[in-house]
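Mapping of the sequence shown onto the working numbering: position 145 corresponds to residue 158, and the numbering continues sequentially without gaps.
Some notes on the structure that comes next.
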Amino acid sequence: MAGRTIGRPPVRRRVAAGIALVAFALAIVVVVVMFLQRPILLPVIVTALLISVVSGWVALVSRGGRRLAFTVVAFTVIVAPLVLLGLETLVGAAALIVLMGVTNLAARVAFGYERPVVEAQRYGTSVPAARRGVLLMNPRSGGAKVAKFHLIDEARQRGIEPVVLEPGDDLRALAEQAVADGADVIGMAGGDGSQALVADVARTHDIPFVCVPAGTRNHFALDLGLDRNDVAAALAAFGDAVERRVDLATVGGRVFVNNASLGLYATIVQSEDYRDAKLSTAVQMLPDLVGPQAPGFDLHYDGPDGNRQDSVDVLLVSNNPYAVRTLAGAGSRPRLDSGVLGLVAVRVDQPRDVPTLAALEAAGAVNRFSGLREWTAETFRVDSSEPVPVGLDGEALRMQPPLEFRILPGALRVRLPVAAPGAGQTVVLGVRGVLAALWRILIDGVRSPARTPPTL
Numbered sequence: 014m015a016g017r018t019i020g021r022p023p024v025r026r027r028v029a030a031g032i033a034l035v036a037f038a039l040a041i042v043v044v045v046v047m048f049l050q051r052p053i054l055l056p057v058i059v060t061a062l063l064i065s066v067v068s069g070w071v072a073l074v075s076r077g078g079r080r081l082a083f084t085v086v087a088f089t090v091i092v093a094p095l096v097l098l099g100l101e102t103l104v105g106a107a108a109l110i111v112l113m114g115v116t117n118l119a120a121r122v123a124f125g126y127e128r129p130v131v132e133a134q135r136y137g138t139s140v141p142a143a144r145r146g147v148l149l150m151n152p153r154s155g156g157a158k159v160a161k162f163h164l165i166d167e168a169r170q171r172g173i174e175p176v177v178l179e180p181g182d183d184l185r186a187l188a189e190q191a192v193a194d195g196a197d198v199i200g201m202a203g204g205d206g207s208q209a210l211v212a213d214v215a216r217t218h219d220i221p222f223v224c225v226p227a228g229t230r231n232h233f234a235l236d237l238g239l240d241r242n243d244v245a246a247a248l249a250a251f252g253d254a255v256e257r258r259v260d261l262a263t264v265g266g267r268v269f270v271n272n273a274s275l276g277l278y279a280t281i282v283q284s285e286d287y288r289d290a291k292l293s294t295a296v297q298m299l300p301d302l303v304g305p306q307a308p309g310f311d312l313h314y315d316g317p318d319g320n321r322q323d324s325v326d327v328l329l330v331s332n333n334p335y336a337v338r339t340l341a342g343a344g345s346r347p348r349l350d351s352g353v354l355g356l357v358a359v360r361v362d363q364p365r366d367v368p369t370l371a372a373l374e375a376a377g378a379v380n381r382f383s384g385l386r387e388w389t390a391e392t393f394r395v396d397s398s399e400p401v402p403v404g405l406d407g408e409a410l411r412m413q414p415p416l417e418f419r420i421l422p423g424a425l426r427v428r429l430p431v432a433a434p435g436a437g438q439t440v441v442l443g444v445r446g447v448l449a450a451l452w453r454i455l456i457d458g459v460r461s462p463a464r465t466p467p468t469l
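So, in structure tokens, the structure goes:
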């Protein structure tokens with residue numbers, strides 16, 4: 014169905030779109046010139062890259078001499094061809110990396126707060142400004158975004174009552190008190206875990222909720238269609254706004270807005286060292302978790318075919334399905350109102366599956382891995398013989414089994430700025446789609462609410 018035009022993009026976005034297109038074109042020129050000068054270069058580099066990625070991942074899940082050997086292989090096969098083919102090749106490769114970096118950075122600016130709005134999507138209902146809006150704020154969240162974006166002053170200027178979370182405060186109690194004092198709209202400026210808690214209070218009292226993306230990743234805000242880079246803009250939802258209903262999900266009676274991760278990631282984030290040294294902690298733990306001698310995770314569930322599964326390496330249960338392309342980031346959700354949980358299970362049965370998974374992960378095509386299963390359900394149960402590590406909306410928890418997941422269809426009334434009427438659903442564009450969208454921004458300014466820009 015045709016898209017809706019909402020004005021023209023600002024000049025900076027049109028300029029950025031032009032820069033992204035030019036940089037991409039120059040990158041293509043560099044590739045063509047390098048290939049014409051040295052026809053053997055492209056297949057050698059592609060082969061070396063694949064071998065390097067696979068060797069690197071094998072090194073990660075190994076220890077001792079095996080790790081060292083594969084690390085050396087990974088480094089050698091990517092560097093040696095460039096060195097052997099000469100300085101000209103090194104310069105060309107460096108130029109290509111720079112141009113692709115410029116392309117992606119400029120594309121981020123060009124897409125920025127906007128993306129094509131599809132008429133088939135639900136926009137919700139127009140609602141008047143809040144009579145008494147209250148915004149709870151976590152001043153430590155997201156690297157102190159509350160202070161960075163002057164949210165306390167911005168809220169007061171809009172007639173919104175700010176409630177700043179102090180050390181030792183009970184966030185739920187503060188939210189409940191705000192409702193008891195007469196708040197007719199309640200919001201949260203913080204990370205996804207805090208968003209879920211305050212959203213649950215709003216759900217319980219059936220009052221509208223405002224999401225202000227003042228956390229680190231803000232996945233919920235992304236899928237609602239908010240600009241995560243313009244935090245203060247979300248405060249407009251306390252004024253004349255658009256209201257729509259979205260789903261929430263629960264596990265063990267606890268509400269979450271994004272997802273619960275079990276298995277590999279959930280176990281790594283339990284480590285006390287993870288917060289201060291994420292990469293080194295993961296590298297240290299991987300061999301014991303997914304290496305050839307790893308015992309597997311004690312997780313039992315019914316798969317999409319109804320058959321009982323007794324182990325899994327990664328299990329993701331989400332509030333509505335994600336468009337999964339890599340395991341490093343779940344991607345985003347085309348809808349938040351489908352009324353079902355999204356379920357993704359990844360199992361590595363044999364050591365030789367690790368290189369395959371690594372290559373697909375590097376290519377952004379992990380959904381093609383034979384050990385990956387995706388399905389949906391309204392309820393889902395996970396059994397275990399011991400407390401289960403869970404990464405719940407980014408928070409590391411241990412929960413007593415069985416874990417009972419369920420979806421709460423249309424449970425939350427969400428208010429969104431008029432400029433972003435609930436159009437957070439993600440379209441997987443691909444390279445052609447990205448280039449076409451950049452071209453439209455450049456020439457005629459098709460403008461619409463937010464999404465995180467794709468990369469080429």
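Just so it is clear, CB atoms sit at the ideal spot from N, CA and C, and this is done for glycine as well.
Asked, Found
"Any idea if serine 331 is buried or exposed, counting beta-carbon neighbours within 10 angstroms, 16 or more meaning buried?", "buried"
"So, with DSSP's three-state summary, where would you put serine 207?", "helix"
"Should glutamine 208 be labelled buried (16 or more other beta-carbon atoms within 10 Å of its own) or exposed?", "buried"
"Out of Arg230, Gly265, Thr60, which one is the CA nearest neighbour of serine 345?", "Arg230"
"Round the Cβ separation of leucine 356 and glutamate 391 to the nearest angstrom and send it over; I've been treating them as touching at under 8 Å.", "Actually they are not in contact, since the Cβ atoms of leucine 356 and glutamate 391 sit about 11 Å apart, beyond 8 Å."
"Taking a contact to mean a Cβ-Cβ separation below 8 Å, would you say valine 115 touches arginine 26 in this structure?", "no"
"Out of Leu164, Gly156, Ala29, state which residue places its alpha-carbon closest to the alpha-carbon of alanine 247.", "Leu164"
"Under a three-way DSSP split, which group does proline 334 fall into?", "coil"
"What is the rounded straight-line gap between the Cα of glutamate 417 and the Cα of alanine 262?", "11 Å"
"Tell me, which residues are paired with threonine 263 by DSSP?", "Val268, Arg419"
"So, do the region 221-238 and the region 178-196 have three or more beta carbon pairs nearer to each other than 8 Å?", "no"
"Along the chain, where does the beta strand (DSSP E) that runs through glutamate 174 open and close?", "174-177"
"Sorted by chain position, which residues of the same chain lie with C-beta nearer than 6 Å to valine 441's C-beta, five sequence neighbours on each side aside?", "Any reading at valine 441 needs caution, since the residue's pLDDT is 43, under 50, leaving its predicted position unreliable; the model's value is listed next. Excluding sequence neighbours, valine 441 sits near Ala336."
"What are the residues that DSSP puts in a beta bridge with glutamine 322?", "Tyr314"
"Have a look at arginine 419 and aspartate 194 and give me their C-alpha separation to the nearest angstrom.", "31 Å"
"If I measure Cβ to Cβ from glycine 316 and keep anything under 6 Å in the same chain, skipping five residues before and after, which residues do I get?", "Gln322"
"Taking C-beta to C-beta, are glycine 404 and valine 282 nearer than 8 Å?", "yes"
"From this set, Arg267, Val104, Val325, Val244, which residue's C-alpha is nearest alanine 168's C-alpha?", "Val244"
"Rounding to the nearest angstrom, what Cα-Cα distance links glycine 69 and isoleucine 220 in this structure?", "50 Å"
"Between which residues of its own chain and aspartate 253 is the CB-CB distance below 8 Å, once the five residues before and five after are set aside?", "Ser139, Val140, Pro141, Ala142, Val431"
"Taking 8 Å as the limit between beta carbons, can you name the residues of its chain near glycine 162, skipping five residues before and five after?", "Here residue 162 is phenylalanine; the residue named in the question, glycine, does not match the sequence. Same-chain partners within the cutoff: Ala227, Val244, Ala245."
"What is the DSSP secondary structure of arginine 169, counted as helix, strand or coil?", "helix"
"Taking 6 Å as the limit between beta carbons, can you name the residues of its chain near glutamate 408, skipping five residues before and five after?", "Gly206"
"Between the Cα of serine 324 and those of Thr84, Asp396, Val159, spot the shortest distance and give me the residue it belongs to.", "Asp396"
"CB-CB under 7 Å to leucine 425, same chain, minus the five flanking residues each way: which ones, in chain order?", "Ala212, Ala215, Arg216, Phe222, Arg258, Val259, Leu261"
"Report the CB separation of valine 177 from alanine 191 in whole angstroms; it is logged as a contact under 8 Å.", "Not quite, the Cβ-Cβ distance comes to about 12 Å (not below 8 Å), so this is no contact."
"To the nearest angstrom, how far is it from the Cα of tyrosine 126 to the Cα of serine 398?", "Low confidence applies here, because tyrosine 126 scores a pLDDT of 43, under 50, leaving its location unreliable and the question unanswered by this model."
"Can you tell me whether proline 434 is helix, strand or coil according to DSSP?", "Interpretation of proline 434 is limited by its pLDDT of 41, a score under 50 that renders its predicted location unreliable; the figure taken from the coordinates is listed afterwards. Correct three-state label for proline 434: coil."
"Output yes or no for whether 8 Å exceeds the beta carbon distance between asparagine 333 and leucine 349.", "yes"
"Considering just the uninterrupted stretch of the alpha helix (DSSP H) at arginine 25, what are its terminal residues?", "24-50"
"Quick check on the DSSP output: the beta strand (DSSP E) that includes valine 159 runs from which residue to which?", "Note, valine 159: premise wrong, no beta strand (DSSP E); alpha helix (DSSP H) at 158-161."
"Does DSSP put threonine 138 in a helix, in a strand, or in coil?", "strand"
"Just the C-alpha distance for leucine 451 and alanine 196, rounded to the nearest angstrom, thanks.", "42 Å"
"By the DSSP assignment, the alpha helix (DSSP H) with arginine 185 in it spans what residues?", "184-193"
"On the DSSP bridge assignment, give the partners of arginine 4 in chain order.", "Given a span of 14 to 469 for the chain in the structure shown, any question on residue 4 remains unanswerable."
"How big is the Cα-Cα spacing for glycine 203 and alanine 82?", "44 Å"
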